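Reading through the structure tokens given below for one structure.
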Amino acid sequence: MAKSTKSARRLGRQTAFQVLYSLNFQESHGNGLALLQRTFTHLIEQEEVGEAAADFAWELVQGVWENRDELDELISRHSQHWRVGRIAKIELSILRLALYEMYFRSDIPPKVAINEGVELAKEFGDEQSRGFVNGILDAAAKACPKR
285 MAKSTKSARR
295 LGRQTAFQVL
305 YSLNFQESHG
315 NGLALLQRTF
325 THLIEQEEVG
335 EAAADFAWEL
345 VQGVWENRDE
355 LDELISRHSQ
365 HWRVGRIAKI
375 ELSILRLALY
385 EMYFRSDIPP
395 KVAINEGVEL
405 AKEFGDEQSR
415 GFVNGILDAA
425 AKACPKR
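Counting from 285, one number per residue, gives the positions in the sequence shown under our numbering.
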């Protein structure tokens with residue numbers, strides 16, 4: 285059972301990343317939450333995502349969305365000489381997701397958030413993504429109150 289839970293969480297993270305990444309390219313007409321829900325529902329309908337993974341993904345997407353200003357501040361603080369606006373959208377989406385798990389989810393240890401962020405960078409980023417994401421997340425983990 286632990287393996288299926290882990291698989292659901294990994295799939296949930298991948299799904300959350302895809303939703304968050306796609307939001308970078310959509311114009312918000314009106315309610316941001318409505319856009320979030322439409323984007324999430326559209327992706328869930330296209331992909332084979334089980335209920336546990338979808339529930340976890342929605343928790344992550346909603347949490348990142350609600351805390352994105354604080355998450356961007358954390359990224360700015362821990363990325364040396366990088367403005368948030370200059371960070372590629374793939375890496376920015378991964379960083380927001382991993383930092384949300386690290387700082388706002390009591391059930392996710394910082395090391396797990398780092399590892400999962402690096403795995404997403406390997407899967408969706410380019411050759412430099414892994415090191416870039418790992419460096420920022422490692423610096424953020426050292427300052428994380430739940431270490």
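For glycine and all other residues, C-beta sits at the position ideal for the given N, C-alpha and C.
A quick note: this is a predicted structure, and the numbers were derived from the prediction, not measured.
Using CA coordinates, which residue listed in the options is at the minimum distance from residue i?
i	options	result
Val345	Gln412, Ala318, Ile371, Arg361	Ala318
Gln364	Ala424, Ala300, Thr299	Ala424
Met386	Trp349, Glu375, Gln298, Glu400	Glu400
Reducing DSSP to helix, strand and coil, say where residue i ends up.
i	result
Asn418	helix
Glu411	coil
Ser377	helix
Asn308	coil
Gly296	helix
Arg389	coil
Using only the alpha-carbon positions, how far apart do residue i and residue j sit?
i	j	result
Phe270	Lys426	No answer is possible for residue 270: the residues shown for the chain start at 285 and end at 431.
Gly419	Ile328	31 Å
Ala337	Asp356	25 Å
Ile359	Ile371	10 Å
Arg381	Glu403	Correcting the residue type first, residue 381 is Leu in the shown sequence and not Arg. One C-alpha to the other measures close to 12 Å.
Gly334	Phe301	16 Å
Gly296	Trp342	8 Å
Thr299	Ile374	13 Å
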